[in-house]
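A.B. asks: Under the working numbering, the sequence shown has 477 at position 429, and the numbering climbs by one with no breaks. Below are the structure tokens for one structure; questions will follow.
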Amino acid sequence: MTDSTRTKWRLITLTYNVNGNKPDPESVIRLLDSEKLDEADFVAIGLQEVTNYDVSSFTPPEVTWSKQIASWMTSRRRILLKKTYLASNKLLLFTKIQILPKINRVNLRYSRATLCGLAGYKGSISVRIDFVGQQTSLCFVTSHMFHSEKLYWKRADQYNNSYAHCSFKSKQSTESDFVIWMGDLNWRLDSSKDALKVVAELAVLEGDTSALEEYVQKNDQLSRAMVMGHAFHHFKEGPIFFQPTYRMRVGTMEYDLKRVPSWCDRILYKENDNIKLIRYNSNSGIRLSDHLPVIGEFECSVLTPEESDLVRFLPLEIWYSGVPFSCRFIFESSYWKREGSYKDWIGLYESDVPEVENPLKYVFAVSTYDEMFEGRVTTLAEFPILEAGTYRTGYFSCNRGCLIGISPPFTVSSPQTSIESAVSASERH
49 MTDSTRTKWR
59 LITLTYNVNG
69 NKPDPESVIR
79 LLDSEKLDEA
89 DFVAIGLQEV
99 TNYDVSSFTP
109 PEVTWSKQIA
119 SWMTSRRRIL
129 LKKTYLASNK
139 LLLFTKIQIL
149 PKINRVNLRY
159 SRATLCGLAG
169 YKGSISVRID
179 FVGQQTSLCF
189 VTSHMFHSEK
199 LYWKRADQYN
209 NSYAHCSFKS
219 KQSTESDFVI
229 WMGDLNWRLD
239 SSKDALKVVA
249 ELAVLEGDTS
259 ALEEYVQKND
269 QLSRAMVMGH
279 AFHHFKEGPI
289 FFQPTYRMRV
299 GTMEYDLKRV
309 PSWCDRILYK
319 ENDNIKLIRY
329 NSNSGIRLSD
339 HLPVIGEFEC
349 SVLTPEESDL
359 VRFLPLEIWY
369 SGVPFSCRFI
379 FESSYWKREG
389 SYKDWIGLYE
399 SDVPEVENPL
409 KYVFAVSTYD
419 EMFEGRVTTL
429 AEFPILEAGT
439 YRTGYFSCNR
449 GCLIGISPPF
459 TVSSPQTSIE
469 SAVSASERH
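Below you can see the structure in the form of structure tokens.
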């Protein structure tokens, strides 16, 4: 019997160290297609070693990883909920438009490790999503940790210094219900291993998943750190049935024997009765880097969230492109008095809302004004003239980091179209 108080969501996480390389459109599409990211309710993608061109506003967007991934996702009706970066690390988070009204808050945290915490080339980014009503939360963390098999304890310190902060385990907030931690965690095989010997051992183990899993448990530093309680002992990892993801010769599936092949790229999760790992694998279809991407897919069962009622937009079925646009909304639950900020804004989006924090146009909430409408006080936001099309409006709360109100879609028609429609209707009569 189905439990109506709970909802099941599919989460897909992907981590990829791009090694400073630019994206190749065909390879990116092949990767995203093969992993069926568009079938998930949430998709979190962590990228490491992206270069400055990926975070620069002067770079043509078509040559960035963010743009190519976002274009593929939005073409499949997924919304870029949050995009953030720390030095050369990036985190992209996507969801469905039906889930937007259920989100109560989106928080970000960062942990820098390079130069004793002054820089974030080695560091972590985390995003926590809180939902309306039942206080359910999802937390996604991506990290790039110190490299080299000799830096075992430095990686352990990096994890322990960032764990509580990035998983939102603190006195100021309740512990996140679901936490997934991914990235180039850079744990290696034991330093006593020789690269040629490892390649030979792996060749013998190919196809024997139980023997491969045993090999990882015996020789992998992260596996040992978890057992010994040195790092990631708060988390669980699925069995590794894929070959090491580092260090590849770029463009091939051959290992660069200057480094001992290792499982550097990992995805772990906080154990919880309501989360289940469905698959955990690498992907060899994209070979632009000396790493291979790793994918983890999960199913989680959450208390069914309610929908936000803090801002309600009045319905608007049609508008005309020759007239400056305006929309009306109502603050509920005394939101403006309790939490309103001069940095709140009202955004105008295409109807499918491709990116929450990148509307077509926006106005700050402080530029709006109250006006009586149909017997009650409403707030009016004014925009310039719009081209013909289908749109939505949304209210973004700066303090909550998310949309707390979103309108149904409405149509903006050209005056000529409306005249032609009227003439056509009169002729039929």
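Where is the CB? At the ideal position from N, CA and C, for every residue including glycine. Every value quoted in this text rests on a predicted model; they were computed, and no experiment measured them.
How far does the alpha helix (DSSP H) with residue 245 in it extend, from its first residue to its last?
C.D. replies: Here the alpha helix (DSSP H) through residue 245 covers 243-253.
A.B. asks: Taking the beta strand (DSSP E) that residue 189 falls in, what are its first and last residues?
C.D. replies: Unbroken beta strand (DSSP E) run through residue 189: 185-192.
A.B. asks: Quick check: the stretch 209-217 against the stretch 253-273, are there 3 or more CB pairs under 8 Å?
C.D. replies: No, the stretch 209-217 is not in contact with the stretch 253-273.
A.B. asks: Which of helix, strand or coil does DSSP assign to residue 331?
C.D. replies: Residue 331: coil per DSSP, three-state reduction.
A.B. asks: Just checking my contact of residue 429 with residue 411 at CB under 8 Å: how many whole Å lie between their CB atoms?
C.D. replies: Yes, residue 429 and residue 411 are in contact; Cβ-Cβ is about 5 Å, under 8 Å.
A.B. asks: Shortest alpha-carbon distance to residue 89 belongs to which of 79, 58, 75 and 198?
C.D. replies: Checked all of 79, 58, 75 and 198; the closest Cα to residue 89 is 58.
A.B. asks: What whole-angstrom Cβ distance do residue 97 and residue 68 have, given they're in contact under 8 Å?
C.D. replies: Their Cβ separation, rounded to whole angstroms, is 5 Å, which keeps residue 97 and residue 68 in contact under 8 Å.
A.B. asks: Does DSSP put residue 229 in a helix, a strand or coil?
C.D. replies: Three-state result, residue 229: strand.
A.B. asks: Any idea what DSSP makes of residue 12, helix, strand or coil?
C.D. replies: The structure shown does not extend to residue 12, since the chain is modelled only from 49 to 477, so the question has no answer here.
A.B. asks: Report back the beta-carbon spacing between residue 442 and residue 368 to the nearest angstrom; my notes put them in contact at under 8 Å.
C.D. replies: With 8 Å as the limit, residue 442 and residue 368 do not qualify as a contact, their Cβ atoms being about 22 Å apart.
A.B. asks: If you draw a straight line from the C-alpha of residue 241 to the C-alpha of residue 274, how long is it?
C.D. replies: Approximately 20 Å between the Cα atoms of the pair.
A.B. asks: Do three or more CB pairs link the stretch 321-332 to the stretch 280-290 at distances below 8 Å?
C.D. replies: In short, these stretches touch, since the Cβ pair count reaches three.
A.B. asks: Taking the C-alpha atoms as reference points, what is the distance between residue 322 and residue 345?
C.D. replies: C-alpha separation (whole angstroms): 14 Å.
A.B. asks: DSSP three-state label for residue 100, please.
C.D. replies: If DSSP states are grouped into helix, strand and coil, residue 100 belongs with the helices.
A.B. asks: So the beta strand (DSSP E) residue 175 belongs to, where does it begin and stop?
C.D. replies: Segment 167-179, the beta strand (DSSP E) holding residue 175.
A.B. asks: Using the C-alpha atoms, what's the distance from residue 71 back to residue 377?
C.D. replies: Using only the alpha carbons, I get a separation of about 42 Å.
A.B. asks: Decide if residue 392 is buried, meaning its Cβ has at least 16 other Cβ atoms within 10 Å, or exposed.
C.D. replies: Residue 392 is buried by the Cβ-count criterion.
A.B. asks: Is there contact between the stretch 359-368 and the stretch 451-459, where contact requires at least three CB pairs shorter than 8 Å?
C.D. replies: Yes: at least three Cβ pairs fall under 8 Å.
A.B. asks: Terminal residues of the continuous beta strand (DSSP E) containing residue 297?
C.D. replies: Segment: none, residue 297 is in no beta strand (DSSP E) and carries neither H nor E.
A.B. asks: DSSP three-state label for residue 126, please.
C.D. replies: Here residue 126 sits in coil by DSSP.
A.B. asks: So, do the stretch 138-155 and the stretch 420-437 have three or more beta carbon pairs nearer to each other than 8 Å?
C.D. replies: No, the stretch 138-155 does not touch the stretch 420-437.
A.B. asks: Once DSSP output is grouped into helix, strand and coil, what is the label at residue 92?
C.D. replies: Correct three-state label for residue 92: strand.
A.B. asks: Report the rounded CA-to-CA distance for residue 461 versus residue 370, giving the unit in angstroms.
C.D. replies: Each residue's Cα considered, the two are about 9 Å apart.
A.B. asks: Alpha carbon to alpha carbon, how far is residue 159 from residue 227?
C.D. replies: Spanning the two alpha carbons is a distance of roughly 16 Å.
A.B. asks: Under 8 Å: do the stretch 111-123 and the stretch 372-391 share three or more Cβ pairs, one atom per stretch?
C.D. replies: These segments do not touch.
A.B. asks: Is the number of C-beta pairs between the stretch 343-357 and the stretch 176-196 that are closer than 8 Å three or more?
C.D. replies: The stretch 343-357 vs the stretch 176-196: in contact.
A.B. asks: For the pair the stretch 131-141 and the stretch 185-195, tell me if three or more CB-CB distances fall below 8 Å.
C.D. replies: The stretch 131-141, when compared against the stretch 185-195, does touch it at the 8 Å Cβ threshold.
A.B. asks: From residue 154 to residue 450, what distance separates their C-alpha atoms?
C.D. replies: Rounded to whole angstroms, residue 154 to residue 450 spans 6 Å at the Cα level.
A.B. asks: Quick test of your reading: residue 314 and residue 244, contact by CB under 8 Å. State the CB separation rounded to the nearest angstrom.
C.D. replies: Actually they are not in contact, since the Cβ atoms of residue 314 and residue 244 sit about 24 Å apart, beyond 8 Å.
A.B. asks: How far does the alpha helix (DSSP H) with residue 80 in it reach, from first residue to last?
C.D. replies: Its alpha helix (DSSP H) spans residues 73-83.
A.B. asks: Using 8 Å as the threshold, is the stretch 165-172 in touch with the stretch 123-138, meaning 3 or more CB pairs across them?
C.D. replies: Enough Cβ pairs lie closer than 8 Å, so yes.
A.B. asks: State the start and end residues of the unbroken alpha helix (DSSP H) segment that holds residue 200.
C.D. replies: Start and end: 200-214.
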